[in-house]
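Colleague:
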Amino acid sequence: MIQLRELSAGYFGNPIIRNITMEFAPGKVTVLLGPNGSGKSTLLKAALGLLPPMSGAVLYDGVDTRKLKRRQIAQKAAFLTQSRNTPSIQALRMVLHGRFPYLTYPRYYGRQDYAISRSALEATGSLQHENTNVSQLSGGQRQGVYLAMALAQDTLTVFMDEPTTYLDISHQFQLMQTAHSLSLDGKAVVLVLHDILLALREADCIGVLQEGRLVYFDKPDSVYQSGILEQVFQTSVHRMDTPHGTQYYCIPKET
Amino acid sequence: MKSLRIFSTRCGNGIFFAGLSILTLATAVLSLWIGSVKLSPALVFNVLIGRETDSVAARIILYSRLPRTCAAMLAGAALSISGVIIQTVLNNPLASPGVIGVNSGAGFTVALVCAIAPLAQQYTPLVAFFGALAGVFLVTILSQRTGASRMTVILAGVAISALFGAGIDTVVTLVPDAVSGITDFRIGGFTGVTMLQLAPAAGLILISLGITLSLSPQMDILALGSDTARSLGLSVSFVRFILLVLAAALAGAAVSFGGLIGFVGLIVPHTMRRFLGENSLPLLFSSALAGAFFVTICDLLARILFSPFELPVGILLAFAGGPFFLWLLFKQKGGRI
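From first to last, the protein sequence lines are chains V and A.
Here the numbering used here is used: position 127 in the first sequence is 124, and no number is missing along the way.
Each number in the numbering used here corresponds to the 1-based position in the second sequence with 24 added.
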């Protein structure tokens, strides 16, 4: 399990996130919410050890990341980045790269790596694209392949930075469903989202960031009740009972 | 990038490599056989297996055509691989050793050392390596410290290239005899290359080539983007550093005996990407072969087109490569890279 202890991190000596203490529980979908520039992506990078702590610590199963090798971290946490390259390679080959942290010299992917990669593609509903070139897939299909690469990494924790941003609504739902089934498999799934409503409906836990600080961290219902979202996002958030269960909606805040 | 990828299957790859190898080998043989002096194929064969060593023909082959052919193949392979590496590390399809000032960096130090210490010629590959290293790290540091965009990196490379170019011109103007050992230095050419001159550079190229091929899994991961690569457990800065040193060694060694051969490092990797996609190992292999083929055939044409006059190979490279590359770029709608 990954725990953050009074963590501050940032760039060029300026802390972007300050004094954050939280943990990402296995079996739960944790969503990080916050306005632009509140430090969500920085928090993910720091949690992944891509950004060194300025103070505080990141603990992987109780061990400080500064004592772990990159490879050891990569075997415990996968990262679906927001911006990335699209090399002109087959989808299966791309997913196989998720097995890189487990390769030893001479670094050839073996039969087991192929099997794990195929089942990862299946888990994201992308198996039919295994022989297609990634550069020829649509945005939604491509996201499925990238996610499969993160799953092939076979880690307890999976971080995703704004995974729904460029997806149409049905692919957004599909992605959230995959996130849920991963959490049911016992993984800790951590997502940065911009969509408050999607978060309130789908998350098990929500962390709310404001100006680099974690201002609230609890279940969706409690986050809603607290009114913190209205304060942080300057928006009115409401809910109502519908034939499809409780649904949330936002309207502009009256001034 | 949509590509021609007719050869996407493993079997197709095999045929592609076999074809490319045969083509490269055939070109090398042609390059030994054809020239301003007519020789029979049997004679060439006899000389190569050492059955004939004393005749004029043997001397032409052993001391002129063989070194030249080797030089062309080595330079083509080295510059193409250097191009693949630089494009991968900078994550920039517009980059190549010629564009970002690696070649001219090597050229400048070679010209400088030839002018100051004309007797130190056996050290040219080493000197060129340090010049190339200066070029590659200047561009990389500029681009990474400042977080510059891809376009800025290329422009910075062009500026650095121009600076080194001016340096070369200054040296050549002040000491006109500085690079007489390497004729056609500015355009690139292999006239008068000797085996003795070639040997250290060849060693450097072959070693770097081997190490680069062994790093192809890391290059694959690096090509996914630096955050993804690091989250997959790759030590990105270390691998980048090693790869850039290799790129500098390859380009520097080629420049040390061939002068400023441009263009190969840009168009060969691109052409191979279009045919094979971007898996590093096949890309590196095919680029080495295709680079050797392309430069050797251009050198052959440079010798025979206006025989007995010779053109510097750089001119042929541009005449043959330019139109082909344009065709490849605009074959698809919109010419998207």
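We treat Cβ as the ideally placed atom computed from N, Cα and C, and that holds for glycine.
Just so you know, these numbers come straight off a predicted model, no measurement behind them.
1) Would V288/A be called buried (16 or more neighbouring beta carbons within 10 Å of its own) or exposed?
2) How about V28/V and A196/V: do their beta carbons lie closer than 9 angstroms?
3) Between I105/A and chain V, is the shortest Cβ-Cβ distance under 9 angstroms, so that the two count as touching?
4) Check whether chain V comes within 9 angstroms of A95/A, counting only Cβ atoms and requiring the distance to be less than that.
5) What span of residues does the alpha helix (DSSP H) with D215/V cover, start to end?
6) Here's the rule: buried if 16 or more other CB atoms are within 10 angstroms of the residue's CB, otherwise exposed. What is L118/V?
7) What is the rounded straight-line gap between the Cα of V212/V and the Cα of N16/V?
8) Between the C-alpha atoms of P200/A and G36/A, what's the straight-line distance to the nearest angstrom?
9) Considering G125/A, what are the terminal residues of the alpha helix (DSSP H) in which it resides?
10) To which residues does DSSP link F76/V through a beta bridge?
11) With distance defined between alpha-carbon atoms, name the residue in V26/V, L47/V, S223/V nearest to L181/V.
12) Using the three-state DSSP reduction, which class does K250/V fall into: helix, strand or coil?
13) For R236/V, I'd like the list of residues in its chain whose CB is within less than 6 angstroms of its CB, leaving aside the five on either flank, ordered along the chain.
14) Does DSSP put Q111/A in a helix, a strand or coil?
15) Could you say if the stretch 129 to 139 of chain V and the stretch 147 to 160 of chain V meet the contact criterion of at least three C-beta pairs nearer than 8 angstroms?
16) Name the chain A residues whose beta carbon is nearer than 7 angstroms to that of R104/V?
17) Which of helix, strand or coil does DSSP assign to N16/V?
18) List the DSSP bridge partners of N11/V.
19) Using alpha carbons as the reference points, say which of A156/A, L313/A, L335/A, A344/A lies closest to L394/A.
20) Whole angstroms are fine: how far does the CA of S106/A sit from the CA of T215/A?
21) Roughly how many whole angstroms lie between the Cα atoms of V80/A and A99/A?
22) For T133/A versus A158/A, is the C-beta spacing smaller than 9 angstroms?
23) Quick one: is A247/A near chain V, going by C-beta distance under 9 angstroms?
24) Return yes when the Cβ of G212/A is within less than 9 angstroms of the Cβ of V162/A, no when it is not.
25) What does T78/V touch in chain A if you count any residue whose Cβ is under 8 angstroms from its own?
26) Determine the direct distance from the alpha carbon of A120/V to that of S223/V, and round the result to whole angstroms.
27) Could you tell me whether the Cβ of L113/V comes closer than 9 angstroms to any Cβ of chain A?
28) Starting from T239/V, follow the beta strand (DSSP E) in both directions and report where the run begins and ends.
29) Expressed to the nearest angstrom, what Euclidean distance is found between the alpha-carbon atoms of V229/V and D218/V?
30) Closest Cβ-Cβ distance between L368/A and chain V: below 9 angstroms?
31) Less than 7 angstroms between C-beta atoms, sequence neighbours within five positions excluded: which residues of the same chain meet that for A152/A?
Modeller: Let me spell this out:
1) buried
2) yes
3) no
4) no
5) Element bounds for D215/V: not the alpha helix (DSSP H) but the beta strand (DSSP E), 210 to 215.
6) buried
7) 11 angstroms
8) 52 angstroms
9) No alpha helix (DSSP H) holds G125/A; DSSP gives it neither H nor E.
10) F156/V
11) V26/V
12) coil
13) T243, Y245
14) helix
15) no
16) P241
17) strand
18) Y8/V
19) Outside the displayed range of chain A (25 to 361) lies residue 394/A, so it cannot be described from this structure.
20) 23 angstroms
21) 27 angstroms
22) yes
23) yes
24) Note on identity: in this sequence residue 162/A is Leu, with Val being the wrong assignment. Contact flag unset, no.
25) G249, D251, T252, S255
26) 36 angstroms
27) Leu is not the amino acid found at residue 113/V; the sequence shown has Ile there. Not one chain A Cβ lies under 9 angstroms of I113/V.
28) 232 to 239
29) 16 angstroms
30) Lying before the first or after the last residue shown, residue 368/A is absent from chain A, which here runs from 25 to 361.
31) A130, T133, V134, G276, A277, V279, S280
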